[in-house]
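Engineer: Before anything else, here's the structure in question.
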């Protein structure tokens, strides 16, 4: 879902909020990754220190008044053209915005209740209620309110609002998430050099066959299993040479599976680094798989070096992001 640039800071806040809503909703369950106390602390930190309260204020004091002024002006132009001094009156806000304002009051009450009892007591039911309320509130804004505002406010009006909607918390977050400046070429110490290689031997077991994976009907090594082995060997070659906090992800592969391998066969997979592209973050590999008789597969594979923490934040945002129109819920 593409947002007008002026609303991007608020949508970015929503991504952070959806991550917290998920943690709140899962608190105390086997799926939770934080303890209930850690969950409550993380949310209260978001609320007080990372823009939660400020987000509500910006909507109530900047965004929604601008929408109200614009709709009032439009109504005035349509209904009072005969009078040079139309009477000012209260113009009701659209139903979705009225609902958002009511939810602001409700969520503030839940947060106050949580803050009053924390850290001495953490009520799981309160965490779950707050998580559900926050999730539904953000969905309402992303799916109904923001599209309404984008449709109602002309681009020049939104452009004028943009600087006022960039909270210090948003700007600080963007600074933290920005990639570090590239090192000058003379300061770069290569971690990888073409010709590096790594190999591992696998055994074809029943779960690796095409029949088991449903990629075919034979009891021989499946192409998906062969591909997984090839990627794994290339991953290991790169992972062993990266500093802590970095990893690689596969971005491209061209695989030829040229010979079968029955259950029980030992398959040796060897990956060789053949090239480094761009700023040194794209790694190209040539990979060959052989059994005791012949070469059974070859692949050209490319991996991209990532920052783990930044990549995980992207996963969290996407995991909780609103579904784009026309996609499965």
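Residue numbers (this note's numbering): 308 to 636. Note that CB positions come from ideal geometry on N, CA and C, so glycine has one too.
To test your reading of the DSSP string, which unbroken beta strand (DSSP E) runs of 3 or more residues are found completely within the segment 517-571?
Structural biologist: With a minimum length of 3 residues, the continuous beta strand (DSSP E) runs that stay inside the segment 517-571 are 553-564.
Engineer: Can you list, in chain order, the residues of its chain with a C-beta nearer than 6 Å to that of residue 496? Leave out the 5 residues immediately preceding and following it.
Structural biologist: Position 189 of the chain shown, counting from 1, holds the residue named residue 496. At residue 496, the pLDDT of 48 sits below 50, so the modelled position is not reliable; the number obtained from the coordinates is stated separately. So the list is empty, once near-sequence residues are dropped.
Engineer: Would you please state the rounded distance, in angstroms, between the beta carbons of residue 505 and residue 533? I believe it to be under 8 Å.
Structural biologist: By 1-based counting over the chain shown, the position of residue 505 is 198. By 1-based counting over the chain shown, the position of residue 533 is 226. With a beta-carbon spacing of about 17 Å, residue 505 and residue 533 fall beyond the 8 Å limit used to define contacts.
Engineer: In three-state DSSP terms, what is residue 338?
Structural biologist: Here the question's residue 338 lines up with position 31 in the chain shown. Taken through DSSP and simplified to helix, strand or coil, residue 338 comes out as coil.
Engineer: Does DSSP put residue 351 in a helix, a strand or coil?
Structural biologist: Along the chain shown, one-based indexing puts residue 351 at 44. Residue 351 falls in the helix class under three-state DSSP.
Engineer: Taking Cβ to Cβ, would you say residue 360 is nearer than 8 Å to residue 400?
Structural biologist: Taking the chain shown and counting its residues from 1, one reaches residue 360 at position 53. Taking the chain shown and counting its residues from 1, one reaches residue 400 at position 93. Contact: no.
Engineer: Please say whether residue 328 and residue 445 have beta carbons closer to each other than 8 Å?
Structural biologist: As a working note, residue 445 is residue 138 in the chain shown. As a working note, residue 328 is residue 21 in the chain shown. Yes, the pair counts as a contact, with Cβ atoms nearer than the cut-off.
Engineer: Distance check for residue 455 and residue 610, CA to CA, integer angstroms please.
Structural biologist: One-based indexing of the chain shown puts residue 610 at position 303. One-based indexing of the chain shown puts residue 455 at position 148. One C-alpha to the other measures close to 41 Å.
Engineer: Residue 594 and residue 549 look like a contact to me (Cβ under 8 Å); what is the Cβ gap, rounded to whole Å?
Structural biologist: Taking the first residue of the chain shown as 1, we reach residue 594 at position 287. Taking the first residue of the chain shown as 1, we reach residue 549 at position 242. That pair is no contact at about 19 Å.
Engineer: Would you kindly check if the distance between the Cβ of residue 332 and the Cβ of residue 439 is under 8 Å?
Structural biologist: As a position in the chain shown, residue 439 is number 132, starting the count at 1. As a position in the chain shown, residue 332 is number 25, starting the count at 1. Cβ atoms of residue 439 and residue 332: closer than 8 Å.
Engineer: Less than 8 Å between the beta carbons of residue 527 and residue 564, yes or no?
Structural biologist: As a first step, residue 527 is located in the chain shown; it is residue number 220 there, counting from the start. As a first step, residue 564 is located in the chain shown; it is residue number 257 there, counting from the start. Cβ atoms of residue 527 and residue 564: not closer than 8 Å.
Engineer: Taking all protein chains shown into account, decide if residue 522 is buried (16 or more other Cβ within 10 angstroms of its Cβ) or exposed.
Structural biologist: Locating residue 522 in the chain shown gives position 215, counting from the first residue. Answer is exposed; the Cβ neighbour count stays below 16.
Engineer: Name the one or two DSSP bridge partners that residue 606 has.
Structural biologist: Taking the first residue of the chain shown as position 1, residue 606 is located at position 299. Residue 606 pairs with 562, 594.
Engineer: For residue 580, does the three-state DSSP call read helix, strand or coil?
Structural biologist: Translated into positions along the chain shown, residue 580 becomes position 273. Strand at residue 580.
Engineer: To which residues of the same chain is residue 311 closer than 7 Å at the C-beta, ignoring the five residues directly before and after it?
Structural biologist: Within the chain shown, residue 311 is the residue found at index 4, counting from 1. Only 457, 465 meet the Cβ criterion.
Engineer: Going by other Cβ atoms of all chains shown within 10 Å of its Cβ, with 16 needed for buried, is residue 584 buried or exposed?
Structural biologist: Your numbering for residue 584 matches position 277 in the chain shown. Result: exposed.
Engineer: If I'm right that residue 511 touches residue 551 with Cβ under 8 Å, what's the distance once you round it to whole angstroms?
Structural biologist: If you number the chain shown from 1, residue 511 lands on position 204. If you number the chain shown from 1, residue 551 lands on position 244. 35 Å between Cβ atoms; not a contact.
Engineer: Would you identify the three-state DSSP class for residue 611, choosing helix, strand or coil?
Structural biologist: Residue numbering aside, residue 611 sits at position 304 when the chain shown is read from its first letter. Strand at residue 611.
Engineer: With a floor of 4 residues, list each alpha helix (DSSP H) that falls wholly inside the segment 403-448, ordered by position along the chain.
Structural biologist: You should have 431-447.
Engineer: Throw me the rounded Cβ distance for the residue 441 and residue 324 pair, which I believe falls under 8 Å.
Structural biologist: The sequence position of residue 441 within the chain shown is 134, counting from 1. The sequence position of residue 324 within the chain shown is 17, counting from 1. 6 Å between Cβ atoms; contact.
Engineer: Which one of 369, 363, 349, 336 has the shortest CA to CA distance from residue 469?
Structural biologist: Translated into the one-based positions of the chain shown, residue 469 becomes position 162. Ranking the options by Cα distance to residue 469, first place goes to 369.
Engineer: I think residue 641 touches residue 518, with their Cβ atoms under 8 Å apart; what is that distance to the nearest whole Å?
Structural biologist: No statement about residue 641 is possible, as the shown extent of the chain runs from 308 to 636 and does not include it.
Engineer: Are residue 407 and residue 354 closer than 8 Å when you measure CB to CB?
Structural biologist: Residue 407 sits at position 100 when you count from the first residue of the chain shown. Residue 354 sits at position 47 when you count from the first residue of the chain shown. Result no, Cβ atoms of residue 407 and residue 354 do not sit closer than 8 Å.
Engineer: Alpha carbons only, please: which of 404, 596, 591, 554 is nearest the one belonging to residue 577?
Structural biologist: Position 270 of the chain shown holds residue 577. Closest option to residue 577, Cα to Cα, is 596.
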